[in-house]
Ligand code: HEA
Ligand code: HEA
Ligand code: CUA
Ligand SMILES: [Cu+2]
């Protein structure tokens, strides 16, 4: 079975996969394509045969009644049933598991990502693991894009980066996503994750990376003339040690009021 | 052998009709420009729509250059573009701004200015009154107003290319805030243009529904209505009820643009690092809901009439009744109904809740069933037929598997787990182009070849028709098939550089990204698109040449069809019928056992 | 060439063409105004707590305008009944009344718009807010140069939230008086146009669209009133149908207002 | 509805129209009055919408003769009402889980 799946994922040209839930995404894509291919080939075979057999030269007088069997009804019912199975057996439970249930914040890496034309701002809670208080009345686009409270001690070691998102491997990542200006969409293909970043809304989403490496963060929503070149975002998946080191180093230099532009 | 007597041309017939209306022979203007005759209006829609179709395709051929060879000056037309459009086409190159304009306008023009006017305005107008045995539409002057509103809307859209900054740049979906904050006026023109187009469609929809309900000839009961009329009937309802919310949304976006309101702008928007001076408090998602509330029914507006055309042609060229006429009718009604409650499958990635996602996934899966039923009926109609492979039939037949591919690939998109990966990739582009390009456009071609002799009294050339067909079939697939692979590999749409930045060429140590072969497809697709352009030349020449020089039809009913549109003089005079129509049977009584002729027109009195 | 069922109803549907047509058109209008109402609900539900205004509009004026529209509805019905009774003069009389009422409505509505555009919210340098109708501006009033002053009839409040509820008993009993504010003390000054708040945005959009319908209806009614004589003689039945159809449209416009009034003025 | 009524008929319906007219005026005054008494915010809204719906029913039912209208018109309006309800409720429903940021 594994091999079959792998074969099909190659056949369909699925790109590298590096997240836990991604395998379910890929599997479902593959199952649906089985259904599609089976239907298509079946119909196409019938189609070509019918065209050939009932061409005018061969069959000069048409038959008023045509098909009398109920085979087609069975096919239709079968299609409906298979779609139902894919929906109820896979798609819906997957979505409930994934989008419905979030990992505990205490066991995850929590980051805030604010999209803007045309970059990704990332904010980490720093070495203490606690994010500083946020108050959107304090937002100032140039100096304080996150609306951080400068008086909150938890926020003292918070730091931010641009286009540089580091996460440890095999630990859930929760991304709180929003946008400053227009709608962008946070997409990391290998993670099989897409989430629109919508101004005025803060939307959480999560995934668990399973492969170390550097991945590109794509913007999957038309966001202006720089949409195609909003391509400098990097998702760096590291071992826990490397990640801790990185955090420690950044926490010292970073500060809540760091400027982004 | 009575049927042929009135099915064959009676030259005197049409002459007589002509003389009849001659007592107020109208001048050129009132005959061709300000006509209230549904056939003239249909042809006006047809010509204008085909021109826009061609124009929309030209935009895309230029964009495909930029996708294949990003940053290189456009050959042949680059210089001209720079002259006409100025800075956005500096050095004859398509800048990202221009790419976005062209992309948005390709979508807008194809959907609202080409295909809807063609399938609904042109074919609907020309054929529906003929098929139901009516003298005209119920409100001829409203019909004229509908065309004029469409024309004005089209002009506004065209003009917007030449204003400073160019046409709208926020995609055909015009998502706010982007659409509202782009400082140029393209979006304002787009919105005003859309208000005219929507008005046009609403007027048309009211007219079609009233015509079909009220003006059916005696005996034309609902279950004797040709399937094409059914599809137009449902389409009209979709337009009637789905367009107004977009009109409302358009008005609100216009308010945002012109009066600086904040319908779709949330509090705390910081554009370009500076706070936007707005009241805030609006919702970007509201626009998406209102847009897709129209958007999804709209895609069925693009496909249902196409299915209607295909059904007519298949029945005619298999020489047998459509299989499962009733299932077809009920399916199309259910399809129309369901199309109003699936819209948010375009918004899965906005982060909607789990229950609502379940709801929309379920309705989306359910809506695919009636499509399967329709396709099945059309397929089974082939069985036992005596199939004639003329040009209209070739296009109609090709529609089936092409729509099949497009429709089937809608399934993974409709499940939101797979959509996590596929959303906004070229997979989506391939999905819907298979339905609208080799689907709807083929149906349009089929319809043009099929009804051309009714409208002009001459046939289009068969040989060049076949050349047009085979070349189009090959190149359409060469364009859209590789896009599935590109999308599956993760290539995103609306990329002014064809995804070059996302191929990760810049970061060699990164994992994933697009392979060279996927990127290379960009080039092959573009070449196929230009070849598809060349492949249209036989059609264009054939079309214009045949108006004057095509083979004259020898009968009013050259395809030996059963429906009433073929029981009129050729071309039908003002008022359509030379004698009152009465209908005695269903629409597709071909090869009735015990009948010598293999077709029995709907209006042939039963032999007693 | 005569289009059937233009005057007489078709047997199986019981309707003549125009009547079916107008109802279909009204169905699409329901969706149009319906979408705007949904926008209203969404904006209201989504507003920050305490930031959705109450009582920003003048209820007696709105009520008067409601009466005007209701009256115009009954005169429309009576005009149609007169047509049915083939009583030309009575028809002319009631139809003229409708027209006058329509124009009255538009007049009152314009006055309401005018009062919104002259109503200002001023953020003062001390963080308070002055709010009211501009009575006078000194000649040298200039916000950028900070010269001169503006006189309002209104009041000063501590927080912006206090400006939101003008419908409550306390708010209504608050004293309004003439205030003069020097430009030097003004950080921001904005009138109650559609840009001021999403509530006003939806208010202006809905009422302007509604007013356009009133004006469109008035044009049709006026046209038919002027040209009535001719068709009355040749084809009174068709004419009566026309009055019925335009009347349906007019009642619909009234009906929309019946919802607009409580939703925008009272809630 | 379309065939000409006799005069007697019209007289009769005129009384009905006047009655509806008065009911509308009273309803308007009532809704204004009700808005000044405090029933708890939701109940004020519910009451106002109920009154508006009754008034709308009167206008549509009697001035527009909907009570005696043909089935076809009901089908059109019924489907419109259905889709309108879908538009409002589904949209509201799907916007609900988002956490809005209020700046
Ligand atoms: C005419 C146009 C049309 C049609 C008919 C459809 C039909 C369908 N569409 Fe498509 N769609 C679009 C036009 C269309 N679509 C457009 C324009 C977009 C993109 C908009 C944008 O973002 O810009 C889009 C996007 C789109 C999305 C959003 C993707 C995303 O952005 O992430 C989804 C998701 O659910 C979807 C689903 C479906 C489904 C389930 C159907 C179903 O109705 C399909 C049902 C049909 C079948 C199941 C086929 C049955 C046939 C057979 C079984 C026979 C096989 C035949 C042979 C082999 C010969 N479509
Ligand atoms: C009905 C809708 C429709 C149709 C028919 C088409 C047709 C085509 N489309 Fe388009 N397309 C869209 C609707 C449509 N498209 C939409 C909505 C988008 C999304 C836009 C957005 O992102 O906002 C899109 C986007 C889109 C993209 C993606 C761009 C991007 O994301 O950056 C591409 C890329 O290749 C593309 C290509 C094509 C091609 C090659 C055709 C070809 O199939 C065209 C074929 C055309 C012809 C063959 C013309 C025939 C006409 C004649 C021959 C005229 C004859 C005249 C007379 C006789 C008078 N389209
Ligand atoms: Cu950001 Cu596209
Ligand atoms: Cu859809």
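Residue numbers (this note's numbering), protein chains in the order written: chain P, 47 to 307; chain E, 407 to 1014; chain C, 19 to 285; chain H, 68 to 170. Every residue gets a Cβ at the ideal spot worked out from N, C-alpha and C, and that includes glycine.
Cβ-heavy atom distance, residue 578 of chain E to ligand 1, below 7 Å: Yes, the Cβ of residue 578 of chain E comes within 7 Å of a heavy atom of ligand 1.
Close beta carbons around residue 427 of chain E, own chain, < 8 Å, minus the five adjacent residues each side: Residue confidence for residue 427 of chain E is low, a pLDDT of 44 falling below 50, so the modelled location carries little weight; the figure read from the coordinates is stated next. Once the five neighbours on either side are set aside, the close Cβ partners of residue 427 of chain E are 979, 980 and 981.
Closer than 8 Å to chain C by CB, residue 542 of chain E: Between residue 542 of chain E and chain C, the shortest Cβ-Cβ separation is below 8 Å.
Rounded distance between the beta-carbons of residue 150 of chain H and residue 647 of chain E, thought under 8 Å: At roughly 5 Å, the Cβ-Cβ gap stays under 8 Å, so residue 647 of chain E and residue 150 of chain H are in contact.
Three-state secondary structure assigned by DSSP to residue 113 of chain C: Per DSSP, reduced to three states, the secondary structure at residue 113 of chain C is helical.
Rounded straight-line distance, which links the Cα of residue 625 of chain E to that of residue 441 of chain E: If you take the alpha carbons of residue 441 of chain E and residue 625 of chain E, they lie about 30 Å apart.
Proximal chain E residues relative to residue 43 of chain C, where beta-carbon distance stays under 8 Å: Taking the beta carbon of residue 43 of chain C as reference, the chain E residues within 8 Å of it are 608 and 612, listed in sequence order.
Residue 501 of chain E to residue 473 of chain E span [Cα, whole Å]: Rounded to the nearest angstrom, the two C-alpha atoms are 11 Å apart.
Residue 198 of chain P at chain B interface by Cβ criterion, 8 Å: Of the protein chains in this structure, namely P, E, C and H, none is chain B.
Cβ-heavy atom distance, residue 164 of chain P to ligand 3, below 7 Å: Taking 7 Å as the cut-off, one finds at least one heavy atom of ligand 3 near enough to the beta carbon of residue 164 of chain P.
Extent of the continuous beta strand (DSSP E) to which residue 868 of chain E belongs: Run containing residue 868 of chain E: none in the beta strand (DSSP E); it sits in the alpha helix (DSSP H), 868-894.
Beta-bridge pairing of residue 195 of chain C - partner residues as DSSP gives them: BP columns for residue 195 of chain C point to C:172.
Residue 666 of chain E at chain C interface by Cβ criterion, 8 Å: Cβ-Cβ to chain C under 8 Å: yes for residue 666 of chain E.
Beta-ladder partner(s) of residue 593 of chain E, from DSSP: Under DSSP, residue 593 of chain E forms no beta bridge with any residue.
Length-filtered (4 minimum) alpha helix (DSSP H) runs lying within the region 93-159 of chain H: You should have 108-125.
Beta-carbon proximity of residue 638 of chain E to residue 707 of chain E, cut-off 8 Å: No, the pair does not count as a contact, with Cβ atoms beyond the cut-off.
Buried versus exposed, by CB contacts within 10 Å (16 or more), residue 64 of chain P: Burial of residue 64 of chain P is indicated by the presence of at least 16 other C-beta atoms within 10 angstroms of its C-beta.
Spatial distance of residue 163 of chain P from residue 561 of chain E (CA atoms): Cα to Cα, residue 163 of chain P sits roughly 32 Å from residue 561 of chain E.
Inter-stretch contact (C-beta, 8 Å, three-pair minimum) for the region 642-662 of chain E and the region 602-612 of chain E: Taking a cut-off of 8 Å for Cβ pairs, the region 642-662 of chain E and the region 602-612 of chain E touch, as three or more such pairs fall below it.
Chain E contacts made by the region 127-142 of chain P, where a contact means CB separation under 9 Å: Correct list: 129, 130, 132, 133, 134, 136, 137, 138, 140, 141 and 142.
The region 858-870 of chain E in contact with the region 808-820 of chain E per 3-pair CB rule at 8 Å: As far as the Cβ criterion goes, the region 858-870 of chain E does not touch the region 808-820 of chain E, which means the pair count is below three.
Beta carbon of residue 158 of chain C nearer than 8 Å to that of residue 165 of chain C: In terms of Cβ geometry, residue 158 of chain C and residue 165 of chain C form a close pair [threshold 8 Å].
Chain-ordered chain P contacts of residue 757 of chain E [CB-CB under 9 Å]: Under the 9 Å cutoff, chain P gives 145, 223, 241, 242, 244, 247, 249, 250 and 251.
Counterpart residues of residue 138 of chain C in DSSP-defined beta bridges: When beta bridges are read from the DSSP output, residue 138 of chain C appears opposite C:150 and C:209.
Reduced DSSP category for residue 213 of chain P - H, G, I as helix; E, B as strand; rest coil: Assigned with DSSP and collapsed to three states, residue 213 of chain P falls in strand.
Heavy atom of ligand 5 within 7 Å of residue 267 of chain P beta-carbon: For ligand 5, the structure offers nothing, since it holds only ligand 1, ligand 2, ligand 3 and ligand 4.
Distance, residue 136 of chain C Cα to residue 156 of chain C Cα: Straight-line Cα distance between these residues: approximately 15 Å.
Residue 49 of chain P to residue 828 of chain E span [Cα, whole Å]: Straight-line Cα distance between these residues: approximately 23 Å.
Close-in-space but distant-in-sequence residues of the same chain around residue 564 of chain E (CB under 7 Å, 5 per side omitted): Answer for residue 564 of chain E: no residue qualifies.
Beta-carbon proximity of residue 32 of chain P to residue 449 of chain E, cut-off 8 Å: For residue 32 of chain P there is no data in the structure shown, the boundaries of chain P being 47 and 307.
Cβ-Cβ distance between residue 134 of chain C and residue 229 of chain C below 8 Å: Not closer than 8 Å, so no.
Outcome for residue 67 of chain C when other beta-carbon atoms lying within 10 angstroms are tallied against a minimum of 16: Exposed.
Helix, strand or coil at residue 49 of chain P [DSSP, three-state]: If DSSP states are grouped into helix, strand and coil, residue 49 of chain P belongs with the helices.
Assigned exposure category for residue 276 of chain P - 16 Cβ within 10 Å defines buried: Counting Cβ neighbours within 10 Å, residue 276 of chain P comes out buried, since at least 16 surround it.
Beta-carbon spacing of residue 194 of chain P, residue 204 of chain P below 8 Å: Yes, the pair counts as a contact, with Cβ atoms nearer than the cut-off.
Chain P contact residues for residue 767 of chain E, given Cβ-Cβ distances below 7 Å: Near residue 767 of chain E (Cβ distances below 7 Å), the residues of chain P are 133, 137 and 138.
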